[in-house]
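Input: a single structure, listed below in structure tokens.
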Amino acid sequence: MQDHEIALSDDSRSIKIYLQFYQTTMVRLKHRYILFEILYPPSSQPSTREQKAKFAEFSNSPKEALLHLHAPSPSSVSLRSILSLLKRVISDHYGEHGAGTIGSLIIVKYFSNKTSTGIIRCSRNNFQLVVAALGLIDKIDNQKVVMRSVHVSGTIRKCEDFSIRRAKSLMAYLGKDDELERGLDEFISMFKTGNGEDDEA
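Those letters in the sequence shown? Residues 1 to 201, by this note's numbering.
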């Protein structure tokens, strides 16, 4: 074939033409980055004294409700456990085909336990199914949760910038909170250690 003949040629210009042809015909996998958060609502039917107290505080004001919803996640919630749970939900609801085509391309890039916020990378073709799967998760470690997809972006940098702006806005609304401030600092520091290799539209 002609491209093989060009590749075998000793002429450097011919080799360069072949490489350019090869690069333009390659199919580049497009990604989407999903900013998500884990919310911790109180029990709608509190039975213990602790549950009743949390429900009463939750009902006091919108700020109290937000503080309770945006509670830190326990140490058992990690990149690996979130990925495992998400893949299991995809397998349960989309079957083996979904687990193979969608689940194999999912990566949890970041997660902060203090802010209960993270970023997932997935295929652009399947991001809507991943968003739907996140919404199907309602329990982690036997604790009632809401997995909320907050933002979807074509580059990880835009997703990071949005998450930082959103976290700062939330903190400004809730007022000074040492735990939230530490969580925000931790979340921002995770982005600074990234190498940016996935910043592709």
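Note that the Cβ used here is the ideal one computed from N, Cα and C, for glycine as well.
Asked	Found
Would a C-beta distance cut-off of 7 Å place Arg148 and Lys30 closer than the cut-off?	no
Excluding the five sequence neighbours on either side, which residues of its own chain have a C-beta within less than 7 Å of the C-beta of Leu66, listed in chain order?	Leu174
Report, in whole angstroms, the separation of the C-beta atoms of Leu83 and Val108, which I expect to be a contact under 8 Å.	5 Å
In the DSSP assignment, the alpha helix (DSSP H) including Ser163 goes from what residue to what residue?	156 to 174
Straight-line CA distance for Leu170 to Asp92?	34 Å
If you run the structure through DSSP and keep just helix, strand and coil, what is Thr101?	helix
According to DSSP, simplified to helix, strand and coil, what is Ile106?	coil
Cutting at 7 Å between CB atoms, please list the residues of its own chain near Cys159, excluding the five before and the five after it.	Tyr33, Leu35, Ile119, His151, Ser153
State the CB to CB distance for the pair Val145 and Asp138, rounded to an integer number of angstroms; the pair is presumed to be in contact (CB under 8 Å).	7 Å
Would you kindly report the start and end of the unbroken alpha helix (DSSP H) that includes Val131?	127 to 136
Start and end of the beta strand (DSSP E) containing His68?	No beta strand (DSSP E) holds His68; the alpha helix (DSSP H) holding it covers 62 to 69.
In terms of residue numbering, what span does the beta strand (DSSP E) encompassing Val77 cover?	Where Val77 is concerned, there is no enclosing beta strand (DSSP E), given that its DSSP letter is neither H nor E.
Give me the Cα-Cα distance between Ser156 and His70, rounded to the nearest whole angstrom.	According to the sequence displayed, residue 156 carries Ile and not Ser. Cα-Cα distance, rounded: 23 Å.
Let me check one thing: in DSSP terms, what residues is Leu39 bridge-paired to?	Val146
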